[in-house]
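Participant: Dumping the structure here so I can ask a few things about it.
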Amino acid sequence: MDKVIASARAAGLPVGCGQGTDVERICSLARRGIQWFQAGADCLYLVTFMEQLSAAVRDELEGNS
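Here it is as C-alpha cells:
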C-alpha cells in the first residue's frame, strides 16, 4: 500500500480509501499518506446508533445518568 500511496502522491493524484469508523485505523492510514476517506456505511451507522441509544436507555432506567 505504501508504494501505491507514494506513486500516486508523486504523480499529484489524491489518495483515498473506503473504511469503517475505527478512529485509530483512519488516523494510521492518514499518517501513511491517505488524504480522504469514505468512512462507515449506513448499516454500521444504524447499529452504532442503536447500541448508543440502548445504553442510554439502560443507564436512565438504572439511575446512572
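Take 83 as the starting number for the sequence shown in the working numbering and just add one per residue.
In this text, a Cβ means the ideal position worked out from N, Cα and C, and glycines have one as well.
Quick caveat: nothing in here was measured; it's all calculated off a predicted structure.
1. Cβ of residue 119 within 8 Å of Cβ of residue 134?
2. Could you tell me the boundaries of the beta strand (DSSP E) in which residue 101 lies?
3. Please say whether residue 108 and residue 97 have beta carbons closer to each other than 8 Å?
4. Between which two residues does the alpha helix (DSSP H) holding residue 117 run?
5. By Cβ distance, which residues of its chain are closer than 7 Å to residue 126, with the 5 residues on each side in sequence left out?
Facilitator: By the coordinates alone:
1. One-based indexing of the sequence shown puts residue 119 at position 37. One-based indexing of the sequence shown puts residue 134 at position 52. Not a contact, by the Cβ cut-off of 8 Å.
2. Along the sequence shown, read from residue 1 onward, the residue named residue 101 stands at position 19. Taken as a continuous stretch (DSSP letters only), the beta strand (DSSP E) holding residue 101 covers 98-101.
3. As a first step, residue 97 is located in the sequence shown; it is residue number 15 there, counting from the start. As a first step, residue 108 is located in the sequence shown; it is residue number 26 there, counting from the start. Going by C-beta atoms, residue 97 is not nearer than 8 Å to residue 108.
4. The residue given as residue 117 occupies position 35 in the sequence shown. Boundaries for residue 117: no alpha helix (DSSP H) harbours it, and the DSSP string shows neither H nor E there.
5. By 1-based counting over the sequence shown, the position of residue 126 is 44. For residue 126, where only same-chain residues beyond five positions count, the Cβ hits under 7 Å are 102, 103.
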